[in-house]
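Below: the structure, in structure tokens.
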Amino acid sequence: MDIALSIGAGLAKSTIAGEVNGELIDACDSVNEDATVRIITSRDAEGVEIIRHSCAHLVGHAVKRLYPTAQMVIGPVIDDGFYYDIAFERPFTADDLAAIEDRMKQLIATHYDVLKQVAPRDTVIETFAERQENYKLQLVADMPDEEQMALYVHQEYVDMCRGPHVPNTRFLEHMKLTKISGAYWRGDSKNEQLQRIYGTAWANKKELRAHLNMLEEVEKRDHRRLGKKLDLFHFHEEATGAVFWHPKGWTLFQQLIEYMRRRQQQSGYIEVNTPDMMERNLWEKSGHWQNYQEHMYTTDTPDEKTLALKPMNCPGSVLMYNHGLKSYRDLPIRMAEFGKVHRYELSGSLHGLLRVRHFTQDDAHIYCTEQQMLDECTQIIRLVLDIYQQLGFSDVSIKLSTRPENRMGDDQTWDILEAALVDSLKELALDYQLNPGEGAFYGPKLEFVLRDAIGRDWQCGTLQVDMNLPARFGLEYVDDKGERQTPVMLHRALFGSLERFTGILIEQYTGKLPAWLC
Amino acid sequence: MLTISETFNDYASRLANVFAASSLRVELDNSNEKIGYKIRQQTLQKVPFMLIVGANEVESNCVNLRLHNGEQISFDDIESAVDYLTQACRPPDVIDQQELIQTSIQALKTV
Ligand SMILES: [Zn+2]
């Protein structure tokens, strides 16, 4: 603080914290050696993060004033805001949330100083024991090696934290509490249930306003809300993560499939359908049994077979390719399938149509020669961009993920596969973002990310080159010299999951869908 | 399709059949509610087009169409309403395809 003051009183007034040799410190900390010092104000990203973090502490201060028996757990910073997990004997209501926010505003208005105390371990334990903050005591016990800890004193309220924090509550003016949700101690559903209070905080009124408008817009567009209001679909607890489509929602879904079917037919695809359930030995051969089993639904039949619902369409497609010997004259084979796949996901990760356990992919596998690969990739990219454009998404970004550390195949093959993707992007004069080392072990990948009407990004389409499955399943074609060769296999899905894409469309159009989808 | 009163239900259901036979997705609200209420309900449901059926329509076979934004379009006969809606409900790929075909035909004419 003295450093800021030596530069000017104005700067000192707006000082939130400092950065010394790259490390954030509190405004009250002293610098005892020659160092590179940066003063952090609310204009810095770090400053806003500190404001959010201090707001979390302030939730603690307000909650303990209003509900003295509540116990504070953890209060971290998240994207655009903060939350605090709290143990309390009854669920907080919307009225409670308003009361807590009111009290926070009152406390902010008093402009009290936030004081930092570095205390020895024993004192910390004593402080929290006296206050019956049992969760804080457990957190202290989790850090047995810490000899001393920083306590931040908000008048009568004390919190433990790495810091730094604002020196005074006047920096916290532009905040708002947004919602309450459930949480578990240590994030484990076997533990005690806690309540999580979320909030947002910004450097100034304008930024707070803009963010609240965005939240309102997101709420207004929420496809779960619109799905109910417009009678499009619902979910049932007897089928977690599976959609019950109502007539209008199903029309929308079917129109998208019909649309994609026409586009694919015009682009030289054939459409097939493969079984939903296939035997264990197939999944062992594809590697899913070994690597993906916790996501698979399996069943044993009276004739003592083990079958699995398909979590992906690829193995079925490969069996289809292998049915009958292929000649180079048959290639490329562009084999599409609207395949319903089933993947067990934890119930906590499910989210409306955006994340379900049972969904339909607009999947296609393209079997071609190495020479045809570049042209096939170019055609797919052109198709995907045209489709997004027609559906109202013109802002699309592309990510290229290249060879990872652990991979199959030699470097020369990887050179060819990556070059096919890069060259096809170049041919279409498209920019892309490179994610080095992020490809799958069996091949590189393109991802297509849509930006929606309110600036949110959705990853939808993928194009993947694969050298694993063709080898594992011994795929072949006879080349022009009568020799057997292994084809290249491309996996591509443009909508990705039809269920998810439907959800994205509902949000993009705020439910007011183009007439052809109604 | 919304009827102004139950008197027009029979005409409306026959008219709805014409639109359905033209591959348009049509739903008939012939309930006993006031027309203002029906329009409000369908607007909230974000239905893109509303066809209002009352005495005028039955008498002269004209068609009155109300868009979601409140704008109204009148057609003198049923055929032009079917044509208009068929055009308005084309998927984007079909629109592009039809434009492409038109351009190709034009190009052939100038050869
Ligand atoms: Zn695949």
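Residue numbers (this note's numbering), protein chains in the order written: chain C, 1 to 518; chain S, 1 to 111. Using N, Cα and C, we set each Cβ at its ideal position, and we do this for glycine too.
Residue i versus the options, residue with shortest Cα-Cα distance
i: C:Pro275; options: C:Asn313, C:Glu284, C:Glu304; result: C:Asn313
i: C:Phe501; options: C:Tyr184, C:Gly249, C:Glu46, C:His174; result: C:Gly249
i: C:Ile86; options: C:Val59, C:Phe473, C:Ser424; result: C:Val59
i: C:Leu194; options: C:Ile180, C:Trp202, C:Lys206; result: C:Ile180
i: C:Thr413; options: C:Gln459, C:Asn468, C:Ala364; result: C:Asn468
i: C:Thr123; options: C:Ala150, C:Ala98, C:His174; result: C:Ala150
i: S:Glu79; options: S:Thr110, S:Ser22, S:Ser5; result: S:Ser22
i: C:Leu226; options: C:Gln508, C:Arg329, C:Trp516; result: C:Gln508
i: C:His53; options: C:Phe82, C:Lys64, C:Ile108; result: C:Phe82
i: C:Ser6; options: C:Gly392, C:Asn21, C:Asp26, C:Val37; result: C:Val37
i: C:Thr15; options: C:Lys116, C:Arg170, C:Asp102; result: C:Arg170
i: C:Leu505; options: C:Gln390, C:Gly409, C:Asp26; result: C:Gln390
i: C:Ala201; options: C:Val20, C:Ala45, C:Thr486; result: C:Ala45
i: C:Asp159; options: C:Ala56, C:Met104, C:Gly182, C:Arg103; result: C:Ala56
Which of helix, strand or coil DSSP assigns to residue i
i: C:Met320; result: helix
i: S:Gln42; result: helix
i: S:Arg90; result: coil
i: C:Glu304; result: coil
i: C:Asn435; result: strand
i: C:Met149; result: strand
i: C:Val218; result: helix
i: C:Phe92; result: coil
i: S:Arg66; result: strand
i: S:Leu100; result: helix
i: C:Phe393; result: coil
i: C:Arg52; result: helix
i: C:Ala183; result: strand
Beta-carbon contacts of residue i that lie in its chain and below 6 Å, excluding the five residues immediately before and after
i: C:Glu345; result: Arg357
i: C:Leu417; result: Gly443, Pro444, Val465
i: C:Val318; result: Leu469, Phe473
i: C:Lys399; result: Gln433, Asn435, Glu447
Residue i versus residue j - alpha carbon distance
i: C:Tyr184; j: C:Leu232; result: 33 Å
i: S:Arg25; j: C:Cys518; result: 8 Å
i: S:Val63; j: C:Ile257; result: 32 Å
i: C:Glu284; j: S:Glu27; result: 50 Å
i: C:Thr127; j: C:Gly437; result: 48 Å
i: C:Arg224; j: C:Ile454; result: 17 Å
i: C:Gln371; j: C:Ile74; result: 57 Å
i: C:Lys326; j: C:Glu447; result: 30 Å
i: S:Ser104; j: C:Asn213; result: 48 Å
i: C:Arg43; j: C:Ala203; result: 7 Å
i: C:Trp458; j: C:Lys512; result: 19 Å
i: S:Ala12; j: C:Tyr388; result: 38 Å
i: C:Pro76; j: C:Tyr84; result: 7 Å
i: C:His246; j: C:His234; result: 8 Å
i: S:Thr110; j: S:Gln102; result: 13 Å
i: C:Leu430; j: C:Gly439; result: 19 Å
i: S:Val94; j: C:Asp386; result: 13 Å
i: C:Leu107; j: C:Leu421; result: 57 Å
i: C:Asp423; j: C:Asn322; result: 30 Å
i: C:Thr369; j: C:Ala419; result: 15 Å
i: C:Arg121; j: C:Phe441; result: 48 Å
i: C:Leu450; j: C:Thr462; result: 12 Å
i: C:Pro523; j: C:Phe92; result: A query on residue 523 of chain C cannot be resolved here, the shown segment of chain C reaching from 1 to 518 and no further.
i: C:Arg484; j: C:Pro404; result: 29 Å
i: C:Gly163; j: C:Ala210; result: 27 Å
Contact set between residue i and chain C, taken where Cβ atoms lie within less than 8 Å
i: S:Arg162; result: Lying outside 1 to 111, the shown extent of chain S, residue 162 of chain S is not represented and no answer is given.
i: S:Ala88; result: Ala515
Close-in-space but distant-in-sequence residues of the same chain around residue i (CB under 7 Å, 5 per side omitted)
i: C:Val341; result: Lys310, Pro311, Met312, Asn313, Phe359, Gln361
i: C:Tyr67; result: Phe88
i: C:Glu499; result: Val243, Leu353, Val356, Phe359, Thr360
Contacts of residue i in chain S (Cβ-Cβ under 7 Å)
i: C:Ala364; result: Correct list: empty, because the minimum Cβ distance to chain S is about 17 Å.
i: C:Gly511; result: Lys46
i: C:Arg403; result: Chain S residues near C:Arg403: none, gap ~36 Å exceeds 7 Å.
Within-8 Å CB hit, residue i to chain A
i: C:Tyr259; result: You won't find chain A in this structure, because its protein chains are C and S.
Chain C contact residues for residue i, given Cβ-Cβ distances below 9 Å
i: S:Phe49; result: Ala515, Cys518
i: S:Ala81; result: What S:Ala81 touches in chain C: nothing, since even the nearest Cβ is about 14 Å away.
Interface residues of chain S facing residue i [CB-CB closer than 9 Å]
i: C:Leu230; result: Leu44, Gln45, Lys46
i: C:Gln390; result: Pro91, Pro92, Asp93, Ile95, Asp96
i: C:Arg262; result: Pro91, Asp93, Val94, Gln97
Same chain, Cβ closer than 8 Å to residue i, neighbours up to 5 away in sequence not counted
i: S:Phe49; result: Leu65, Arg66, Leu67, His68, Leu85, Ala88
i: C:Gln255; result: Trp516, Leu517
i: C:Thr306; result: Glu279, Arg280, Thr298, Thr299, Asp300
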